[in-house]
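**Q** The structure follows.
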Ligand code: URA
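Residue numbers (the working numbering): 34 to 497.
Here is the structure:
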């Protein structure tokens, strides 16, 4: 294969990928044209994966400047076709999280927002690093198709109010390639790369408005508050500059969200909430989903405030409209909704074990990145880009931060592909949790909110 290069013309010298890797490795800033060369080369396959991987690692180590992050976002957005939501005749809004463990809010908020009268065209991702992927979880439903054409995407939204799809060779193809590479090369936790990955998908969906759920705490890619705040500000300012009304909420990922982390078991937990049940262990998931849905409905113009949006979303959760929309969306994308009648019966893990508490006291800390790796290594995540995940694998966490546990009481139930895949996750959980004789301070679900104005101030304060 010859070296990837862009031919020179009268105005521009040729671009060679090897030069871009070396320049980024040495901490120099790339131009908009050079960044576009990388995004287009990733999308078309003209840049070999080893060169893309090397560039990603250089970008992870050196970081991307504000200009580079913005240029990469726009070039990735423009790497394929875009969705035009004008035909939907409704205000369009979406939510995207920076990645978490047990984060299944998308299954709740997409139908919740749709039930409140707005349209939700959602382009999502797969498992990334230690975090789970919305698409992998949805694909645990037999028959469910995530790779739709734009016409199919529009038809599902028109019919149900919401659709959740993947990047494809046509839709944000640059993110499809770079996302899978980052997952396997240890190059996820970079604000510029996260910003470009998330916003390229959101901007390609042509949204009117966007709510970003920026995680902070031990399970977040940006685990300290300052880094998470910078990421939130970067994404809000970048999305607003591209014409999308955006707000970011800084939310706690200091423990898994809800009880289940894995694939099918996360759908099961979400279905229970949509049926109006209120299991205590899912209360944090319920609350965060309503807060996010409330903001979506508000910034899309269907509620005068986020509080009014919350109340509308709660009504849709309790009166069954969210469940109706979720079921219709799954069916419209080919999924077998019969299994919703008895979700537990569909769960057929290869191997199961219960880990009992090995100390007594209050659970004070849960290293949620380690817990996320434990979940991925049950078989719920992948070792190599493109390989299938086990729909039945995952972990139920029976004790939450702040709970008092006694030795011998069930702490977690693990579901793995086979017996051999149980021991590493068990050890990871045991090393991730700390106990104490005194309870930890409660952590609020949302610690900060960034709007266009506060995002710009934040970026200035951080020297950008
Ligand atoms: N979600 C994405 O889509 N991309 C990231 O980089 C992180 C979370």
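The beta carbon of each residue, even a glycine, is placed where N, CA and C say it ideally should be.
Note down, one range per segment and in chain order, each alpha helix (DSSP H) of at least 4 residues found wholly within the region 55-136.
**A** Those alpha helix (DSSP H) runs which fall completely within the region 55-136 and span 4+ residues are 65-77, 82-95, 99-110.
**Q** What does the Cβ neighbour count give for residue 297, buried or exposed, with the cut at 16 atoms within 10 Å?
**A** Buried, since its Cβ has 16 or more Cβ neighbours within 10 Å.
**Q** Please confirm whether residue 167 and residue 239 have their CB atoms less than 8 Å apart.
**A** No, the pair does not count as a contact, with Cβ atoms beyond the cut-off.
**Q** May I have the straight-line CA-CA distance separating residue 155 from residue 172, to the nearest angstrom?
**A** So the alpha carbons of these two residues sit roughly 15 Å apart.
**Q** Out of curiosity, what's the CA-to-CA distance linking residue 468 and residue 386?
**A** So the two alpha carbons sit approximately 22 Å from each other.
**Q** Looking at the structure shown, is residue 481 part of a helix, part of a strand, or coil, going by DSSP?
**A** Residue 481: strand per DSSP, three-state reduction.
**Q** Rounded to whole angstroms, what is the Cα-Cα separation between residue 370 and residue 346?
**A** Rounded to whole angstroms, residue 370 to residue 346 spans 23 Å at the Cα level.
**Q** Leaving out the 5 sequence neighbours to the left and right, which residues in its chain are closer than 8 Å to residue 300 when beta-carbon positions are compared?
**A** Hits under 8 Å: 137, 140, 170, 171, 173, 174, 376.
**Q** Is there at least one non-hydrogen atom of ligand 1 closer than 7 Å to the beta-carbon of residue 290?
**A** No - ligand 1 has no heavy atom lying nearer than 7 Å to the Cβ of residue 290.
**Q** Less than 7 Å separating the Cβ of residue 115 from some heavy atom of ligand 1?
**A** For ligand 1, not one heavy atom lies less than 7 Å from the Cβ of residue 115.
**Q** Taking residue 108 as the reference, which of 282, 207, 244 has the closest Cα?
**A** With distances taken between Cα atoms, residue 108 lies closest to 207.
**Q** Look up residue 389 in the DSSP assignment and give the residues it is bridged to.
**A** According to DSSP, which records beta bridges pairwise, residue 389 is partnered with 443.
**Q** Residue 247 bridges to which residues according to DSSP?
**A** Per DSSP, 283.
**Q** Give, in chain order, every unbroken run of the alpha helix (DSSP H) that is at least 4 residues long and sits entirely within the region 284-340.
**A** Here the runs fully enclosed are 297-307, 316-332.
**Q** Under the DSSP definition of a beta bridge, which residues are partnered with residue 499?
**A** The question about residue 499 has no answer here: the residues shown for the chain are numbered 34 through 497.
**Q** Could you tell me the distance, in whole angstroms, from the CA atom of residue 181 to the CA atom of residue 482?
**A** One C-alpha to the other measures close to 33 Å.
**Q** Would you tell me roughly how many angstroms separate the C-alpha atoms of residue 160 and residue 248, rounded to the nearest one?
**A** Those two C-alpha atoms are separated by around 16 Å.
**Q** Which first and last residues belong to the alpha helix (DSSP H) in which residue 359 is found?
**A** Looking at the DSSP string, the run of the alpha helix (DSSP H) that includes residue 359 is 354-365.
**Q** With distances taken Cα to Cα, identify the nearest neighbour of residue 77 among 87, 148, 120, 203.
**A** Of the candidates 87, 148, 120, 203, the one whose C-alpha sits nearest the C-alpha of residue 77 is 203.
**Q** Alpha carbon to alpha carbon, how far is residue 431 from residue 477? Give it in angstroms, no decimals.
**A** The alpha-carbon atoms of residue 477 and residue 431 are separated by roughly 20 Å.
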